[in-house]
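These notes concern the structure reproduced below.
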Amino acid sequence: MNDDANPFAFWQQVWQDAQPNLKSFMPPTSLDEVNRKLSELDNVETWLRFHLQALATQKAVLQQQQALFEAMAASEAPTQNPDEANK
964 MNDDANPFAF WQQVWQDAQP NLKSFMPPTS LDEVNRKLSE LDNVETWLRF
1014 HLQALATQKA VLQQQQALFE AMAASEAPTQ NPDEANK
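Residues in the sequence shown are numbered consecutively from 964, following this note's numbering.
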C-alpha cells in the first residue's frame, strides 16, 4: 500500500522509530506474546508476594522486640510499696 493512501503511515513510522521501552505499552498482538506477558506478570507477582511476606516477618520480629524492651523497662522501673508511699 502506498504511504499516501495509508492514513496511519505516520504513526507506524513513529512506533517503528520509538525506543524499545515505549513499545511495551502496545497491546500484545499474538497468543505467544500474551502468554509471555502473563508469565512475566506471574513472576512479578510471586516476587512481590515473597518480599511482602519477608516484610511482614520483619515487622513481627520488631514488634516482639518492642514488647520485650517494654517489659524489661517496666521490670526495671522502681516500684513503690503502697505502705511506703503513705509515710
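All C-beta atoms in this analysis are idealised placements derived from N, C-alpha and C, irrespective of residue type, glycine included.
Keep in mind the model is a prediction, meaning the values are calculated, not measured.
- prompt: What are the start and end residues of the alpha helix (DSSP H) that includes phenylalanine 1013?
  reply: Counting from 1 along the sequence shown, the entry for residue 1013 is found at position 50. Note, phenylalanine 1013: alpha helix (DSSP H), 994 to 1039.
message: Rounded to whole angstroms, what is the Cα-Cα separation between glutamate 1008 and alanine 968?
response: Within the sequence shown, residue 1008 is the residue found at index 45, counting from 1. Within the sequence shown, residue 968 is the residue found at index 5, counting from 1. Near 45 angstroms, if we compare the C-alpha coordinates of alanine 968 and glutamate 1008.
Reduced DSSP secondary structure (H/G/I, E/B, other) of alanine 972: Looking up residue 972 in the sequence shown gives position 9. If DSSP states are grouped into helix, strand and coil, alanine 972 belongs with the helices.
task: Just the C-alpha distance for glutamate 1039 and leucine 1004, rounded to the nearest angstrom, thanks.
output: The sequence position of residue 1039 within the sequence shown is 76, counting from 1. The sequence position of residue 1004 within the sequence shown is 41, counting from 1. Straight-line Cα distance between these residues: approximately 52 angstroms.
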